[in-house]
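Just so we're aligned, residue 5 is where the sequence shown starts under our numbering, counting upward by one. This report refers to the structure that appears directly beneath it.
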Amino acid sequence: MFVIYIAIIVLGGLILLITLHFAGVDFKNALWIYVFILAALLFIGRLFQNKLVGWIGEVYSASCIRMITGGVVLKDVYIEGSSNVVQIDIIAITEKGVLVIEKKTMIGLILGDEYQKQWTISLKKGKLKYPMKNPLHQNYGHIKVLEEKFPEYKDFFINLVVFGNNAKLGNKIPDNVITDRQFFKYYRSLPNRMSSSLQEDFTSLLTGLSKNREEVKRKHKNKIKQYK
């Protein structure tokens, strides 16, 4: 994903360079402007690399999911429950149900099962290993808040974790943990169970929460700070 970001910056910079040149700016001055802007953007990109890669991953997944499902797809949704505030990467409201999606951009071999609290990211043929929280458990907490907020829709929520295509999933990884390229097959396997009217009603309820989004987002950030 970071490579894509670099490519976009370089291409945009070249377009800017050509535009400045044809606008009458001296080529040498235009080149210096290009180099300065490119260096600044690369520095900012490196500084916020993790957030940037995560954002690009979410945008990519959301776009693919929207195209495949034809449903309403919302990103970065904040929900406040009675004792918790959660941030959900992607919610897709479709004829199959409400897909509550935790997006992960880790690369390497992902090892774990449904019940383990900790999973493992294995790199360089197992020479490097890093722990990660079981994303299904994390997303289960998100769904519990949704069930509290919208109890009449509890039977429609689907717990789904989506990794980027650079991840390889181990043999014990549950079926509802997939990569982006596996989404089409996974989605097709689900039964239709949510009518158009129910989709519209839930969309209205969910988008109605956006009025207090900034306040809920602030509470979520404060909660994260307490755990650091």
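Where is the CB? At the ideal position from N, CA and C, for every residue including glycine. Just so we're clear, the structure is a prediction, and the values are computed from it rather than from any experiment.
{"Asked": "Delimiting residues of the beta strand (DSSP E) encompassing Phe167", "Found": "Phe161 to Phe167"}
{"Asked": "Nearest candidate by alpha-carbon position, reference Pro139, set Val165, Glu152 and Gly130", "Found": "Val165"}
{"Asked": "With 16 other Cβ atoms within 10 Å as the buried cut-off, status of Leu115", "Found": "buried"}
{"Asked": "Tyr119 - containing alpha helix (DSSP H), residue span", "Found": "Tyr119 -> no alpha helix (DSSP H), and no H or E assigned at all."}
{"Asked": "His141 to Lys121 span [Cα, whole Å]", "Found": "7 Å"}
{"Asked": "Through-space distance from Thr211 to Trp123, alpha-carbon basis", "Found": "33 Å"}
{"Asked": "Identity of the residue in Leu213, Leu150, Thr183 and Thr98 nearest Lys108 by Cα", "Found": "Thr183"}
{"Asked": "Lys153 beta carbon less than 8 Å from that of Lys83", "Found": "Note on residue identity: the sequence assigns Ile, not Lys, to residue 83. Yes, these two residues count as a Cβ contact at 8 Å."}
{"Asked": "Enclosing alpha helix (DSSP H) for Pro135 [first to last residue]", "Found": "Per DSSP, Pro135 belongs to no alpha helix (DSSP H); it is in the beta strand (DSSP E), Leu132 to Lys137."}
{"Asked": "Cutoff 6 Å; reference Glu151; Cβ partners in own chain excluding five residues on either side", "Found": "Lys158"}
{"Asked": "Gln91, enclosing beta strand (DSSP E) - first and last residue", "Found": "Val89 to Thr98"}
{"Asked": "Beta-carbon proximity of Ile162 to Val81, cut-off 8 Å", "Found": "no"}
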